[in-house]
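Reading through the structure tokens given below for one structure.
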Amino acid sequence: METSLYISGIGIAAGLIHFILFLILLFRRGKRAGEKLALVYILFSFLWITAVTLAHLEAIFLPVVTESARALLPVLALALAVGYLTCAALLLEYLFWPIIATAGYTWTAILLGATVYFLFVPPSLLPLEQMSMGSWVFFTLGAVILLTVGLFRSRMAFHRNRALYWLLTANALSLGQVLTLLPLGPLQMVGPLVHILGAIALLRGVLSFWLPNVKAVLRSIFRFLFLFTATALLLAGVVIAVERLTAIWGVSSTNVIILLAVGVTLVYLPLYQALVRLVDRLLAGVGFDPAQTLRDYSQTISTVLDLEQLAQTAVQTVSQVLDIQRGALLIASETERGSLLLRPVPGLGEVSTDPVELEPISPILARLKEQDTPLFQYEVEHHPVLREALPKEREGLRALEMEIYLPIRAEGELAGLLALGPQRTGEPYAPRIVEFLSTLAHQTGVALQNARLFAGLQELNAQIMQLNESLRAAYERLERLDRAKSDFLSIASHELRTPLTQIRGYTDVLNELVRSDALTRDQIARITENISRPVRRLERIINAMLDASQLETGMSFHFAPTALAGVIRMALEPWQEALKERRLTLTTSGLENIAPIRADMDRLTQAFSNLISNAIKFTPDGGRITIEAHPLDDEHFEVTITDTGIGISKVDQELIFEKFYRVGNIDLHSSGEYKFKGGGPGLGLSIARGVIEGHGGCIWVESEGYDEERCPGSTFHVVLPYHAHRGPCRWKRPGQEG
Ligand code: ADP
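Numbering (the numbering used here), first residue to last: 6 to 743.
See below:
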């Protein structure tokens, strides 16, 4: 009877609490899925408490009521277990929670229906009860396993705290249900009490994403129990001592009590403080002096100008007092679009250096700009407002694997964030520590501003140096080309004058012979031949000049099907005599292996002819010239012209393709057309390049260097497409950029 009274008291109180919880949930605006589930849970919880109360009040109600309530208890417990598992799955963001809800509640409804049915139609309810209990065990275990996995999976302290919170709540709720269901006599009363505590905790967990630090709460409880026990023991000792001493000394107990009270009071306070310190130290680790640390820190960073060094100093200062896994400075810079770019500068541990961009409308950005308080990764993941941020922002921050971001401001503007990873202890950052870190971040503002300015200056400096370097190179190149242009004047006058003088000489002779009437047919033939040779040469030079003048305006091409072998044969033709005279061996290979091509035959012949004439001119008598062709890819083939000549220095290898450029002192060039080191107007290669590039090909030279003694030789590479086309060469030289 007494138990029944207690139970009904607890039942009424619990019913009231449920009503309040229900109202709180009902009147919240904009309910999220978690809150809706919690509402269902509280409803079932209310039914459960009512059933528990009714089941124990045989004396007041008819047996049919109490027995019905008792019969319904297992299936109601199952409904609670299903509700809890669904809530836990949803809050830990397991996407399969709707499946659990549907399957669990359907099964519960079937069992409930069957239980109600058999209440009115006996006989046995036993198997149903066992089925409900079995299912309850299944769902409760499911929730515990899910939460334990969640606990070990999350590396961030706040996430772990959340999982731990839910795990403890699950334990409280299931313990409450077990205590109620087991035949424990008066102990059964504890069951509903524990259940109510669990239900309140569940609601608290659903309503607010900030949860109390579970470990800290447990620690406080432990601390309280320890100090409570120590004090109680001391007082018990005093009482026993009073009894004993009164008997031994035979004096009045009042005197002994006064004596002991004074003695114990004297000892108690220092002893208590020592105990508190001991417990704190055991539980929370060694403390540190924040003021001293901050003083040292600001002294150190006042001289730091380098961003990397600043990041290291800041993070390492923190790591001296807290055991953290990683940390970085996130340097903030605003983009033209108004978004904020956070560039990580690692200070400790492995940190991804991929920048994170926060869009102008990002709630995370708004939060950072408007509030000076630290931002936790946990908030980014769970805060209802911040969750609205774009997934790429959340994932970008998540990839950094940080736990807390402390805003660093310079002149009121957000200059960066001090980002710190989780503590190795797995503890969330305590409020006292967060306060210390915020002050540290504030102090970093000016130093960060300075370091950024300095980094900007350094970058500018590097740019200026680079600019200087390219200016110098450009100047040198221009100087060489300028020299080439003025050289051209003397070359041109020389090149043009030589054949002109020859022509003039022979026409004078012809004149003389005509006047003296001594001209024979034979003489006419010889003299005209002697005149026509310099004329041909003049013609060639003037043609070359005309072609060169087209290089700027664009040469015209007539692409038609042709064969590479034919082109090379024609290019070689004018040089057969020269090759013989200079005793040069010329070999060709692979020409026949090149499939038919589409090109401007005359232009291509001209280009190769220029290359061959150069090979002849710059190879000493008796040397070797090799022309080799091979396919490169489906679109291109390559022709190389290699000689055993004097070679070309590295500096000149680019410049020789410029108009009028000739290597070395022009006075040393011989004037013979194909003599060794024979002169020319410096146009052959520029025309060759114009032609090859006009076919969509490319040309370059490789040579160890210029050496007339050793004759290292040169190799001219020509890459051409099978189908000539306008536009740049599509084939990339190995090692060439872009
Ligand atoms: P040029 O009319 O003087 O032959 P090019 O444009 O054909 O003009 O060549 C420019 C310069 O490149 C030449 O004066 C020569 O110094 C150098 N050159 C060209 N081909 C070779 C080669 N095969 N070996 C060595 N030097 C060469």
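The C-beta atom is built at its ideal place from N, Cα and C for all residues, glycine as well.
Can residue i and residue j be called in contact, C-beta distance under 8 Å?
i: V724; j: H635; result: no
i: I413; j: L453; result: yes
i: V142; j: L172; result: no
i: N166; j: L202; result: no
i: L419; j: A316; result: no
i: A56; j: L95; result: no
i: N615; j: L543; result: no
i: L569; j: L596; result: yes
i: A333; j: V356; result: yes
i: V312; j: L345; result: It should be noted that the sequence gives Leu, not Val, for residue 312. Contact: no.
i: R588; j: G627; result: yes
i: V247; j: V269; result: no
i: T512; j: I529; result: no
i: G421; j: M407; result: no
i: I573; j: I630; result: no
i: F49; j: L81; result: yes
i: R603; j: H728; result: yes
i: G16; j: T58; result: yes
i: G652; j: S594; result: no
i: L405; j: P349; result: yes
i: Q193; j: L299; result: no
i: Y383; j: F163; result: yes
According to DSSP, is residue i helix, strand or coil?
i: S675; result: Confidence at S675 is low in this model, with a pLDDT of 46, below 50, so its placement is unreliable and no value can be given for it.
i: F642; result: strand
i: Q330; result: coil
i: P191; result: helix
i: Q428; result: strand
i: F227; result: helix
i: H61; result: coil
i: S13; result: helix
i: V656; result: coil
i: L85; result: helix
i: S367; result: coil
i: T624; result: coil
i: Y410; result: strand
i: G354; result: coil
i: A119; result: helix
i: L216; result: coil
i: A634; result: strand
i: D648; result: strand
i: H728; result: strand
i: E134; result: helix
i: K682; result: coil
i: V291; result: At V291 the pLDDT is 45, less than 50, meaning the model places this residue with poor confidence and gives no usable figure here.
i: F24; result: helix
i: Y711; result: coil
i: L688; result: coil
Write down the C-beta distance between residue i and residue j rounded to the nearest angstrom, noting that I regard them as a contact closer than 8 Å.
i: Y110; j: L178; result: About 17 Å; that fails the 8 Å criterion.
i: M550; j: L688; result: 7 Å
i: S324; j: P379; result: Not confirmed; about 17 Å, so no contact.
i: G701; j: H722; result: The Cβ separation is near 15 Å, so there is no contact.
i: I546; j: P686; result: 6 Å
i: L62; j: S137; result: Contact flag wrong, Cβ pair sits at about 22 Å.
i: P368; j: E393; result: 5 Å
i: A612; j: I697; result: 6 Å
i: A76; j: T113; result: That pair is no contact at about 15 Å.
i: L411; j: A460; result: The pair is not a contact, with the Cβ atoms about 21 Å apart (cut-off 8 Å).
i: L363; j: L347; result: 7 Å
i: F681; j: P601; result: Actually they are not in contact, since the Cβ atoms of F681 and P601 sit about 37 Å apart, beyond 8 Å.
Look up residue i in the DSSP assignment and give the residues it is bridged to.
i: T590; result: R629
i: T567; result: I602
i: W705; result: H722
i: P349; result: L335
i: L422; result: L335, P412
i: E341; result: E341 pairs with nothing; no bridge assigned.
i: L380; result: Y410
i: V744; result: Since the displayed the chain opens at 6 and closes at 743, residue 744 lies outside it and no answer follows.
i: E362; result: L346
Could you tell me if the beta carbon of residue i falls within a distance shorter than 7 Å of some heavy atom in ligand 3?
i: L453; result: The model on display carries ligand 1 but not ligand 3.
Could you tell me whether the stretch 347 to 365 touches the stretch 471 to 481, where touching means 3 or more Cβ pairs closer than 8 Å? Touching, no, given that fewer than three Cβ pairs across the two stretches are closer than 8 Å.
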